[in-house]
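First up is the structure itself, then whatever we jot down about it.
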Amino acid sequence: MRIISGSARGTQLATFDGAEIRPTSDRVRGAIFSILTSRLGHFSQKRILDVFAGSGAMGLEAMSRGAASVIFVDQGQQAKQLIQTNRTRCHLDKNTRIIHQSAQKALPNLNGQQFDLIFMDPPYGNELIPQIIELVAEYNLLSPDGIICAEEQRNTEIPQHIKRYEQQDVRHYGATSIYLYSHTESV
28 MRIISGSARG
38 TQLATFDGAE
48 IRPTSDRVRG
58 AIFSILTSRL
68 GHFSQKRILD
78 VFAGSGAMGL
88 EAMSRGAASV
98 IFVDQGQQAK
108 QLIQTNRTRC
118 HLDKNTRIIH
128 QSAQKALPNL
138 NGQQFDLIFM
148 DPPYGNELIP
158 QIIELVAEYN
168 LLSPDGIICA
178 EEQRNTEIPQ
188 HIKRYEQQDV
198 RHYGATSIYL
208 YSHTESV
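The sequence shown runs 28 to 214 under my numbering.
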């Protein structure tokens, strides 16, 4: 697994052997960032929240492409160590922060901050995406033009509308589905 583009392009990321962390493959990550680039235009000065961050690959990819800051949220001790290793390896320590808590505990503490892009990649099959998007809405964490990018196991039912957010796109890559949400359009 490596950083695909930007200042840290080609940097190999440390990963875990075993099932605790299931990192997004380079192929899927590349496809996600292609879609996000077409929607956002660029990552320059974007504020990123990476929930269930695992290896930190999604947030680090965004930082490599010019994001202003990334907050990583993961309760796993191995994930915390892996994110620390990878951000140092990529020379992207500056403007990054790791919150070593569950998403349910961490997000309320971010109240008052807004993010342009929120990644969430919870353990498959736990139906956490709607719950976490509800917390994003409750604490107003997504900027008005922001995007939520959620990864889940293919064929998992996720609502089209969650609070004030509407599903804008769904893509399938093997056993993985990517869901993009943004603010519901005012009519």
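Glycine included, C-beta positions come from ideal geometry on N, C-alpha and C.
- The DSSP-derived three-state label of Thr211 is coil.
- About 20 Å separates the CB atoms of Asp77 and Gly68; that is not less than 8 Å, and the two are not in contact.
- Counting only runs of 4 or more residues that sit fully inside the segment 65-143, the alpha helix (DSSP H) segments are 84-91, 104-116 and 130-133, in chain order.
- The DSSP-derived three-state label of Gly37 is coil.
- In the structure shown, the three-state DSSP call for Gln187 is coil.
- At a Cβ-Cβ threshold of 7 Å, Gln195 and Ser204 do not count as neighbours.
- DSSP places Ile205 in the strand class (E or B) of the three-state scheme.
- Per DSSP, reduced to three states, the secondary structure at Leu63 is helical.
- Within the model, the alpha-carbon separation for Asp44 versus Arg29 is close to 16 Å.
- When secondary structure is reduced to three states using DSSP, Asp196 falls in the strand class.
- Measuring C-alpha to C-alpha distances from Glu88 to each of Lys107, Arg36, Gln131 and Glu193 identifies Arg36 as the nearest.
- For the set Gly103, Ala95, Arg191 and Leu119, the Cα lying nearest the Cα of Ala80 is the one of Gly103.
- For the options Gln108, Ala58 and Arg198, the alpha carbon positioned closest to that of Asn182 is the one of Arg198.
- Scanning Ser91, Glu178, Asn153 and Phe146 for the CA closest to the CA of Val163 turns up Phe146.
- DSSP lists Val78 and Ala177 as the beta-bridge partner residues of Met147.
- The beta carbon of Ala94 is closer than 6 Å to those of Phe70, Lys73 and Ile75 in its chain, skipping five residues each way along the sequence.
- The beta carbon of Tyr200 lies closer than 6 Å to those of Val55 in the same chain, with the five residues before and after it left out.
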